[in-house]
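Working notes, beginning with the structure itself.
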Amino acid sequence: MPTPSRYWREIPQRYRFEANQCKKCGTKFFPPRLICSECNSQELEQAKLAEKGKILTYTIIRVPPHQFVDQAPYAVGIAEMEDGVKLTGQIVDCGFEDIKVGMPVKLEFRKIFQEGESGILCYGYKFVPANGNS
Amino acid sequence: MEGIIGYGAYIPRNRIKVEEIAKVWGADAPSYKRGLMLEEKSVPSPDQDTITMSVEASKNALKRAKINPAEIGAVYIGSESHPYAVKPSGTVLAEALGSTPEAHTADFEFACKAGTEGMFVALSLVKAGEVKYGLAVGADTSQGAPGDALEYSAAAGAAAFIFGQENIVANAVATYAYMTDTPDFWRREYQYYPQHGGRFTGDPAYFKHIIGAGQGIMEKAGMKPADFKYVIFHQPNGKFPFRVGKMLGFQKEQIEPGWLVNKLGNTYSGSSPLGLTATLDISQPGDMILIVSYGSGAGSDAFVFEVTERIDEVRDLAPKTRDLLERNIKYLEYGEYAKFRHKIRKAD
Amino acid sequence: MRDVAVIGTGMTKWGELWEKSLRTIFVETALLAMKDAGVDRIDSMYVGSMSSGLFTGQEHIASLLADYLGQTPVPATRVETACASGGLAFRLGLMEVASGMSDIVLVGGIEKMTDVNGYEATYALGTAADQEYEGYHGITFPGLYALIARAHMEKYGTTREQLAMVAVKNHRNGAKNPLAQFPFEVTIEDVLNSVMVADPLRILDCSPITDGAAAAIICPAEMAKEMGKPVVKIIGSGHATDRIALSSRQDVTWLEATYQAGKKAYEMAGKGPDEIDVLEVHDCFTIAEICVMEALGIVEKGQGGRAVEEGLTSLEGKIPVNASGGLKSKGHPVGATGVAQIVEICKQLRGEVGDRQVKNARIGMTQNMGGSGGSTVVHIFERE
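Residue numbers (the numbering used here), protein chains in the order written: chain C, 1 to 134; chain Z, 1 to 348; chain X, 1 to 384.
Given below as structure tokens:
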């Protein structure tokens, strides 16, 4: 479980989807990197992650790590966003049987977990189905 | 002139029916449904809370306001279910929107009127020229004690309003606040569930303050019930808004568009604010809207809004309240509901 | 660089060893290897262990184990690269002997996993993933491989039954291995009816939680000949890394690190996939064995499932894989696995495994993988 400082450091990514992009070859990174893994350039500029995408693969976690015990079973997947960036996240607000490879999703702000009864609350993004309305 | 330049709503997808709750406690469902004029209520998923709903409602408001979030100078969340006892909810919202660090933030509480409280202050700061834009959210994931009457109605939802002085969607014509010390509903520190005074919550509490604020604002603004196209009252159950409306001289038709409680439940600090977003969704330029909230303890905030031409440009830019109320619904059984609402005692 | 050979191996029964501590398990195993090699002093030792800290609260185990083995003040190094810790420990030992810096080196791997409860073990194993962008969202080790499995099934038509066949094969082999944690057979129905862990992977698709160690003694090949030992030479070694987060990879069904490490090992050995007689691969989950077969070039991309179904990799097949029972049946004490694979291959090449013996095995290969494929170590051995 992250300590307060480890959690806080990732806020720009978890709350605002701040990414960066290689000035030379255009590859986008989320989370941001110091060096482009495609062309090795160290010149990167700020960018924002696209908030809509499609599910590439998914699973249902039924045996969770201890801080997720209350949430199991839950769906987790990898989605490819409209700008080509891929990320891992929980898939919520739909039945497990509704999840399919290729399903359109968008990012929504949710509570990821809490550190017991007295620790900090950890927020971030999850995938929700992106049907027509919105 | 100042007023609402953007508004947005968020309602979680889960619902539980009155029958399902009544079944567990051996209560007579039909009489609860009749008595409360209520069929079902929204339930937050375990990963949703006042903060998460405020973020999504505010993003919807930003879609309509079309401003740079960095220019929001005040960020307020009013709730009686702030996730932390000590650590602001508003700071998380401000970070998520990108409004930090130059924004004034405060968490408000005053039972069910914490939302309009934030609205009152945000609007006033804009009017005073102190901030360019002010954001106020009313959001709650309210808890009703198991088996208590309030368990049938305590629901979850959020409504966000951005105030400014340009591109106004609804001008703020008048504001008014009416408040006394009346212990009709309360929760002591470290208590898990609130308590209330039974029938004492009616005439000396809800009705007295809404009537006081409603008459007060109409007198201040020189208006009467017939001048309004729509009116929204706090909705603790389905019956009270119609009763107080009648007492004040309003018609059923004025109340109905903003009356969500029969399918939504009482979203506490989100109650009248969501009634307002639902009303704005169907309003037309020129409509006069009155909103009177109520928070136990007790007090009411009242606002008169006049809808402008701009409503036609922004209405469709974000999800409508009734669409959120009707989309992707999942009905829960009592067991899953109790698990979601942390009503089950687990091992340490 | 001199040629290096394995002259001794050691392994004790794996399982839930309640009575034995991390130190005891390692020392017993290492002593067996030293006895098998006929040595009582070593010049240096390497120990692979993924997370003695999270599982038992103990770090600094290299010195601790050197001490308890009675080899103080010998240089001792603890190596960590998730589940490939053992294989990497072996590679580093190999380099120390090959370079001439040491003559007799002990390489071991150890993991004591049962002193924590199931949820804590799941968490500890999950630390092999990207903590901020995978683990943060609740992914687990089985979950990562389940993501790979579903993608592989969608892309290549690999079936649920083919995954189960990997477990069935490995248990059939493991039933003949007296040191295995689960020395019994399972059927396809058993696998398909077992409890779901992370869809589509069930408990019988997953390697277990195990306490255990494995050890080997290596020395220059010349010295082995002089000692009159059967010479099992290390002819190839490869090590490669991959993007740690599954979502960062081009194709989640392709194990690039395994391909790269395999390529380096094949090149060094001057051998190709069709010259390998026997293989021990990292079947942490049934899907892993299928993907590894493809990445090592044993079968074509996407054909791993079909290969298992057709019996290519069974004990009697053209290229037997995991004659030891694999991680599935033998067990998976994380840091020890890589070394145990090497122990099995060396014993296969020396003809010492009884009714698990692959006939005329002269060239053997081990593939040891960390996390969801973020690191892989491959070795090739030849019996002279």
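Even for Gly, the Cβ is constructed at its ideal location relative to N, Cα and C.
When the cut-off is 8 Å and only beta carbons count, does residue i lie next to chain X?
i	result
C/Phe68	yes
C/Glu10	yes
C/Thr59	yes
C/Gly89	yes
C/Lys106	no
C/Lys24	no
Any Cβ of chain Z within less than 8 Å of the Cβ of residue i?
i	result
C/Asp93	yes
C/Gln46	no
C/Ser134	Low confidence applies here, because C/Ser134 scores a pLDDT of 43, under 50, leaving its location unreliable and the question unanswered by this model.
C/Tyr144	Residue 144 of chain C lies beyond the stretch modelled for chain C, which goes from 1 to 134, so this question has no answer here.
C/Tyr15	yes
C/Lys100	no
C/Phe30	no
Output needed for residue i: all residues of its chain with C-beta closer than 7 Å, excluding positions within five of it in sequence on either side, in chain order.
i	result
Z/Val173	Ala221, Val304, Phe305, Glu306
X/Leu147	Leu246, Val252
C/Ser134	Residue placement at C/Ser134 is flagged as unreliable, the pLDDT there being 43, under the threshold of 50; the coordinate-derived value follows with that caveat. Excluding sequence neighbours, C/Ser134 sits near nothing in its chain.
Z/Thr50	Ile77, Ser79, Ser81, His82, Pro83, Ser89, Ala139, Asp140, Thr141
Z/Glu117	Gly78, Phe108, Phe110, Asp301
Taking the CB atoms as reference points, tell me whether residue i and residue j lie closer together than 8 Å.
i	j	result
Z/Ile77	Z/Ser42	no
C/Asp93	Z/Arg13	yes
X/Gly386	X/Ala198	With chain X running from 1 to 384 in the structure shown, residue 386 of chain X is simply not present.
X/Val278	X/Gly364	yes
Z/Ile5	Z/Ala94	no
X/Met1	X/Ser99	yes
X/Ala149	X/Ile287	yes
X/Val343	X/Met45	no
C/Glu108	Z/Glu56	yes
Z/Ala158	Z/Gly144	no
X/Ala216	X/Val377	no
Z/Met368	Z/Gln191	One cannot answer for residue 368 of chain Z here, as it falls past the ends of chain Z, which runs 1 to 348.
Please determine, among the options, the residue with the shortest C-alpha to C-alpha distance to residue i.
i	options	result
Z/Pro236	Z/Leu248, Z/Leu260, Z/Gln254	Z/Leu260
X/Phe184	X/Ser324, X/Trp18, X/Leu106	X/Ser324
Z/Lys33	Z/Asn328, Z/Lys17, Z/His196	Z/Lys17
X/Ile110	X/Ser248, X/Pro273, X/Thr29, X/Met293	X/Thr29
X/Thr56	X/Asp115, X/Leu65, X/Glu16	X/Asp115
X/Ala76	X/Ile61, X/Ser207, X/Val292, X/Met153	X/Ile61
X/Val195	C/Asp70, C/Arg62, C/Phe113	C/Arg62
C/Pro129	C/Phe17, C/Arg16, C/Gly95	C/Gly95
Z/Ala96	C/Ile60, C/Cys122, C/Glu43	C/Cys122
Z/His104	Z/Gln48, Z/Gln251, Z/Val126	Z/Val126
Z/Val169	Z/Ser272, Z/Lys330, Z/Tyr294, Z/Ala61	Z/Ala61
With a CB to CB cut of under 6 Å and the five nearest residues on each side skipped, what residues in its chain are close to residue i?
i	result
X/Thr235	The identity of residue 235 of chain X in the sequence shown is Ile, whereas the question assumes Thr. Counting only Cβ-Cβ distances below 6 Å, and skipping sequence neighbours, we find Ala269, Ile380, Glu382.
X/Arg350	Pro230
Z/Leu123	Phe163, Ala172
C/Lys52	Glu82, Lys106, Ala130
C/Lys86	Ile78, Glu80
At the 8 Å Cβ level, is residue i part of the contact set with chain C, yes or no?
i	result
Z/His45	Correcting the residue identity first, residue 45 of chain Z is Ser in this sequence and not His. Answer yes: the Cβ-Cβ gap between Z/Ser45 and chain C drops below 8 Å somewhere.
Z/Arg13	yes
X/Glu316	no
Z/Val55	yes
X/Leu192	no
Z/Glu189	no
X/Tyr46	no
Z/Asp349	Only positions 1 to 348 of chain Z appear in the structure, and residue 349 of chain Z is not among them; the question remains open.
Z/Gly8	no
Could you name the residues of the same chain whose beta carbon sits closer than 8 Å to that of residue i, not counting the 5 residues immediately before and after it, in chain order?
i	result
X/Ser375	Thr81, Ala82, Ala84, Leu88, His239, Ala240, Thr241, Asp242, Ala257, Met369
X/Gly311	Gly317
Z/Ala338	Pro146, Ile344
Z/Phe200	Asp184
With a threshold of 8 Å between beta-carbons, can residue i be considered close to chain B, or not?
i	result
C/Leu56	Here chain B cannot be found, since the structure's protein chains are C, Z and X.
Exercise. Any chance the stretch 18-37 of chain Z sits against the stretch 74-82 of chain C, with 3 or more Cβ pairs inside 8 Å?
Worked result: no
Exercise. Would you say the stretch 311-321 of chain X touches the stretch 167-180 of chain X, given that touching needs at least three Cβ pairs under 8 Å?
Worked result: yes
Exercise. Is there contact between the stretch 274-287 of chain Z and the stretch 210-218 of chain Z, where contact requires at least three CB pairs shorter than 8 Å?
Worked result: no
For this session: Decide yes or no for the touch test of the stretch 204-216 of chain X against the stretch 13-29 of chain X: beta carbon pairs closer than 8 Å, at least 3 of them.
Result: yes
Exercise. Counting pairs of beta carbons, one from the stretch 199-214 of chain Z and one from the stretch 285-297 of chain Z, are three or more of them closer than 8 Å?
Worked result: yes
Problem set entry | Meets three-Cβ-pair contact criterion under 8 Å: the stretch 54-70 of chain C and the stretch 27-39 of chain C | no
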